[in-house]
Structures are given as structure tokens and as C-alpha cells.
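All remarks here apply to the structure that follows.
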């Protein structure tokens, strides 16, 4: 019997694209086991998987950090980033790898293929050690979105935790995790599923990526969207609120404003740091960024004849220090985005890959206010195609005037932004999708190496 095993971290943006795959696999009678945070047990089981506990790589314990030398360096201020993600993820990987290998070995029926998030180094190593085919999930528009300054890569890879974890794994399993991998970039030589389409794909870009990942196959399968909302995480820290959009709108255009789950969750009280340096946000925590955007939006859109659905996130102090919301704003802690978006005419987003692709799959134009990671590149890529207004370096570019102007442009009749978004919508509709992605997973499990799926196409499909 075929048995597919998933490994993931406890993040909505990473787990949501995998849940439709679980559903499709189960519909084909295939057994699925899912290793992820306990907080995501219910949604995995609702999708049809058997759940197994798995420590998220972005939640290293003090014991793990101390074991791999984080306490041997003065602090991150000294230049060593051993206590910070993503470096800290290797403490989790090395510490839990023996248990992961044993669990995989003990599963029945025997595991046919491992599908893992590219942040999860030890899932890749465990599959290699046990001789199981393995495939990476990359829920962003291609590896080029993770290009970082050489100085940042060097600081990560020379940190004490990286050094000790890398040496331990190499000594025990003869796998050098940085020979064909990198922090947050543990791709697979067997195949990598990328949840985008050709026009938005960002290929290998840095010298490091081209050296380590050259020849790795990429499959652009398009957005992987669920048939039912039960197979989806709205926010790891909050339940979605009911929202009668049509009644509230009363015929007005509807604009959704959501900054995702990272700024309003993991990074709420934590500075973004080096990963946001090039976007001018290194010194801001999630709450600083969110409140800045909320203030601008209130001033920009409070007098417009529109309904703005503002997702504040789960924090009780989300609007602390921010003036009262205008009467045309409806505030919710969390919403089921795929239920609300079809009722919207524009989307103000942080530019996370899932949010961008969900909106574009519906032909909805965007105003993108990115933070870090893939978000600035997503913003520029979609803006260059003409389906979005980009506010990269938002402390310089996002003002009440610029946001008001952008939203008016997105909403105007015959908007070229909407036309461009609809072109991408057609491209996404013709992508392999969930069924095609599952076919690739099963082919890899049988030892096949499917040809890369249209990741370098630049056309926008039919007129």
C-alpha cells in the first residue's frame, strides 16, 4: 500500500497548500501521515491524515539551544545569530533527528515518499538515511525569492549552532546538510513543488543557490486551494469570525486588508531583524508594522465610499495607540480568506505567497505592503506584470495619499490592474493544480523523476 508522509512547521502559510494534497491522496485511497505541531492536529485529521507530533523548527527550546552552543556565545549583539531563527532551526533538527528516523522506520505500511517543507532539514536527512524518495514543498514563487546578502548567509552558516549541528549530523549519518542545502533552503534533488505559475516563478538567483541547487527539478503546480474551508488554517492563534460581507457592503466595493499570520503572530513583539534589512524594516516588530499600516489605512480610506474588511490578528492590543476605526471599516481578528476574497474587488496584503496567489486566482488586483522574505519580490513581480501596486520599503512609500490613490486605481472601472490580474487568473486555472501535484508526488515515490512543469513560462495564457 502506498504511504505518503508529510513534515511541516506550524505556520498557516506553509501548511495550507499541503492540506488539499492530503485530501486528494486520501480520495485515491492512499494512506497519509502528517508530522506537525499539536496545534494543527485537528485540521490535519479533518483533511484525512493520521497526525503525529513534530516539533516546529521555528520553536527551539532552551535545552536545544544550549546543547548546540548557543549559550557559549555572548549574544546576537556580538554577531552570532545562534539563538535566532533560522539558525536555531538546526538545533531542533539535530536534536530530534534520531527520533524522526526511528518513527519513519516504524511506520506501517512502509513509507513510499516523504513530502517536507524546505525549512525542515531533518526530514530530508531522515529520508536519505532510510533510502526513501523525498520531495520538497516550497509555498513561495521560486527559490530566487530567498536570495539574501552574502554577509547574512555567512553569519548564519558560521554561527555556533550551525557548526555543531552540521558536524553532529555529518558524523552520525554522513550527510552534509549544507553541501546541497541552505538554511530555509533544503530542497530536493528528486523534485520540488512550487505553488506558483510560470510568469511569477523566480528561479535560482544567487551564486550560492546556483552552486548548490543546480539541476534540482522544479514543478510549478499553481495555487493549491482547498475544496472545503475545514481543510484550512485561518490563523494559528485565532478562530475565524463570521462575516456577512454582502449585507455590510450594501452595494459598495469591498476591500480586504490583511497582513498575514506572521506579523500578527510569531513576530508581534519581536523585531524583524536582518531579514527585513533591505526593505527598511529591520528595527520594527510586527506590532509596529501592523499599527503603521492600520493608521495609514484609516486616514487613506476612511472617507471613501467603500467597505474595508480589516483583519487585525489575534492580539488584544492590535490597535493600541491607533485612533478609532472609521465607520466604513469592519474589524475581525481572523477570517476565512478564501470565503471573503470572492466578495472583494481589491486586496491590501503583506504579499505572502499564499495571499497573493489566492487573490490572483480570483482575478483580484492587489496593493502589496511587504515585510521580508519572499514578500518584497512577490510585490515587485506582480507589480511588474501590472496586477498590483507595490509599496516596497513601506516606511518611505506608504502614505495616506499613495494608498488612497492605489486603491482608487485598483477599483476604477476598466482598471488595467484587474485585467492583468485576470490574465494571471487564467494562467493559474490551467496549472497542474492539486491533482497534478499529487501525480508528481506519487511518481517520485515510485522512483520516477518527472520532467519539470512549466516553471519558466512567461506568457499569461489566453486573452
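In our numbering, the protein residues as written are 25 to 487. Cβ coordinates follow ideal geometry from the N, Cα and C atoms, glycine included.
Could you check which residue in the options has the C-alpha nearest to that of residue i?
i           : options               : result
residue 366 : 379, 456 and 355      : 379
residue 406 : 437, 419, 369 and 448 : 448
residue 351 : 368, 345 and 325      : 325
residue 80  : 56, 267, 121 and 106  : 121
residue 159 : 216, 234, 434 and 360 : 216
residue 339 : 196, 283 and 210      : 283
residue 6   : 266, 293 and 330      : Outside the displayed range of the chain (25 to 487) lies residue 6, so it cannot be described from this structure.
residue 112 : 277, 320, 152 and 181 : 181
residue 107 : 177, 185, 251 and 66  : 185
residue 189 : 313, 91, 463 and 75   : 91
residue 310 : 295, 218 and 321      : 295
residue 25  : 300, 381 and 132      : 132
residue 73  : 210, 414, 381 and 48  : 48
residue 137 : 473, 466, 424 and 479 : 466
residue 357 : 28, 314, 386 and 397  : 314
residue 474 : 245, 436, 402 and 297 : 245
residue 463 : 52, 39, 41 and 211    : 52
residue 425 : 88, 228, 322 and 40   : 322
residue 187 : 411, 167 and 105      : 105
residue 317 : 302, 42, 344 and 301  : 344
residue 359 : 193, 307 and 267      : 267
residue 292 : 307, 470 and 436      : 307
Chain B beta carbons: is any one of them nearer than 9 Å to that of residue i?
i           : result
residue 451 : The question asks about chain B, but that chain is absent: this structure has only one protein chain.
Mind checking whether the beta-carbon of residue i lies closer than 8 Å to any heavy atom of the ligand MN?
i           : result
residue 379 : Of the ligands one can find in the structure shown there are none, so the ligand MN has no counterpart to examine.
With which residues is residue i paired in a DSSP beta bridge?
i           : result
residue 140 : 31 and 160
residue 370 : 279
residue 58  : 30 and 75
residue 525 : It is not possible to answer for residue 525, since the shown part of the chain is limited to 25 through 487.
residue 209 : 206
residue 356 : 335
residue 392 : 373 and 414
residue 242 : 216
Using C-beta distances below 7 Å, list every residue in its chain close to residue i, excluding the 5 sequence neighbours before and after it, in chain order.
i           : result
residue 476 : 241, 242 and 243
residue 355 : 334, 336 and 349
residue 208 : 110, 142, 143 and 170
residue 374 : 283, 284, 287, 393, 394, 395 and 399
residue 319 : 346
residue 34  : 60, 61, 63, 64, 80 and 260
residue 272 : 331 and 354
residue 299 : 396 and 397
residue 100 : Residue confidence for residue 100 is low, a pLDDT of 46 falling below 50, so the modelled location carries little weight and cannot support an answer.
residue 411 : 384, 389, 390, 441, 444, 445 and 448
residue 127 : 76
Just to check my reading of the structure: residue i and residue j have Cβ atoms closer than 8 Å, yes? What is that Cβ distance to the nearest angstrom?
i           : j           : result
residue 224 : residue 163 : Not quite, the Cβ-Cβ distance comes to about 13 Å (not below 8 Å), so this is no contact.
residue 368 : residue 394 : 19 Å between Cβ atoms; not a contact.
residue 115 : residue 94  : 7 Å
residue 37  : residue 438 : About 33 Å; that fails the 8 Å criterion.
residue 149 : residue 269 : That belief does not hold up - the Cβ atoms of residue 149 and residue 269 are roughly 46 Å apart, past 8 Å.
residue 455 : residue 409 : With 8 Å as the limit, residue 455 and residue 409 do not qualify as a contact, their Cβ atoms being about 16 Å apart.
residue 135 : residue 29  : 5 Å
residue 290 : residue 82  : 7 Å
residue 211 : residue 167 : 7 Å
residue 226 : residue 401 : 6 Å
Excluding the 5 residues preceding and the 5 following residue i in the sequence, name in chain order all residues of the same chain whose CB lies nearer than 6 Å to its CB.
i           : result
residue 31  : 59, 140, 144 and 147
residue 342 : 336
residue 371 : 280, 383, 388 and 390
residue 78  : 59 and 60
residue 44  : 248, 250 and 458
residue 419 : 304
residue 434 : 370, 389 and 441
residue 27  : 55, 133, 135 and 136
residue 472 : none
residue 84  : 112, 115 and 116
residue 460 : 245
residue 151 : 138 and 158
Cutting at 8 Å between CB atoms, please list the residues of its own chain near residue i, excluding the five before and the five after it.
i           : result
residue 239 : 213
residue 153 : 125, 197 and 199
residue 428 : 324, 325 and 328
residue 276 : 329, 330, 331 and 352
residue 431 : 279, 324, 325, 328, 330, 370, 372 and 391
residue 404 : 414 and 416
residue 89  : 95, 106, 107, 112, 115 and 185
message: Check whether the stretch 211-222 and the stretch 440-456 are in contact - that is, three or more C-beta pairs closer than 8 Å.
response: Yes, the stretch 211-222 touches the stretch 440-456.
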